[in-house]
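For reference, the structure discussed in these notes is given below.
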Amino acid sequence: MKTRERIAMASLSLFNHFGEPNVTTLQIADELNISPGNLYYHFKNKTEIINDLFGRFERQMLNLISAPDAEVSIDDYWIVLHLVFECIAEYQFLYKDLVNILQRYERIAPRFRKILNRKLAVTHSVLQRLKERHVIDAADSELAALAHNVVLTLTWWPSYDVVTAKLPQEMDLNRGIAQTISQVAPYLREAERAEVLALSREYLATAPGGSPEREV
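Under the numbering used here, residues 6 to 221 are what the sequence shown spells out, in order.
And the structure:
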């Protein structure tokens, strides 16, 4: 692995574990056992590292939440949801300290808003298609609110998880997915509702600690 890539991956790991504001470029260099000068040869400052990592996150997330061309099934929806949560977990430092990061790294803010808007538009589009196929039973206003609630959960789950987790450095991916499923389930047809509630229980059962001690 080239030095630049090693720096990016070490930075990502340290940011996720300790929080981006608590990690310096000197700590990153020390983690890799390289000189600060070697690090600065590849990245002039921490801002460049953040921009590089955000670019990776942005490409990955936008690829996941591209508008579907074909009809999507409820199973397809959960697969994409899981992949989105995996992407969020991989770059969780962005979400755990979101407001602070967007204020300090101004170039990122409009790009992150674009991602949020895309998430909302695609979520609403998928829910609307499921409604047209009578998989979901909801008024238009309920559908719009549901789309917003799903995106809210996707965006703020890492911060909520930090506050409630026994091990705050470890994002509880499965509980976040189960929480999102629980928001959609009441609007599904009976057969699909039973299936997704069973899926939700599976996620909770495989969450750290097994049966949840924290409510979702």
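Using N, Cα and C, we set each Cβ at its ideal position, and we do this for glycine too. This structure is a prediction, so every number in the text was calculated from the model and none was measured.
Just the C-alpha distance for residue i and residue j, rounded to the nearest angstrom, thanks.
i, j, result
"E25", "A170", "19 Å"
"I182", "L148", "19 Å"
"E207", "S187", "13 Å"
"K7", "H22", "23 Å"
"L86", "S40", "41 Å"
"T30", "R118", "27 Å"
"I54", "A34", "12 Å"
"V168", "F98", "14 Å"
"E220", "A190", "Any reading at E220 needs caution, since the residue's pLDDT is 44, under 50, leaving its predicted position unreliable; the model's value is listed next. So the two alpha carbons sit approximately 17 Å from each other."
"Q133", "R9", "44 Å"
"E218", "D177", "Note that E218 scores a pLDDT of 44, beneath 50, so its modelled location is shaky and nothing firm can be said."
Relative to the C-alpha of residue i, which residue among the options is closest?
i, options, result
"T158", "D142, A196 and R180", "R180"
"N1", "Q65, A13 and R134", "Residue 1 lies beyond the stretch modelled for the chain, which goes from 6 to 221, so this question has no answer here."
"I84", "V131, F59, D57 and L103", "V131"
"Y165", "L44, V77 and D102", "D102"
"Q184", "E197, A199, R194 and L204", "L204"
"T52", "E63, A150, E95 and E111", "E111"
"S146", "T160, R138, W161 and H129", "H129"
"Q65", "T211, E91 and A210", "E91"
Considering only their Cβ atoms, is the gap separating residue j from residue i smaller than 7 Å?
i, j, result
"Y82", "I93", "no"
"I113", "Y192", "no"
"I70", "V127", "yes"
"L125", "A152", "yes"
"L67", "L17", "no"
"E197", "I120", "no"
"V28", "L37", "no"
Segments of 4+ residues assigned as alpha helix (DSSP H) that fall wholly inside the stretch 90-116
Counting only runs of 4 or more residues that sit fully inside the stretch 90-116, the alpha helix (DSSP H) segments are 97-101 and 103-109, in chain order.
Contiguous alpha helix (DSSP H) assignments of at least 4 residues, all confined to the stretch 156-217
For the stretch 156-217, whole alpha helix (DSSP H) runs of length 4 or above, ordered along the chain, are 178-189 and 195-210.
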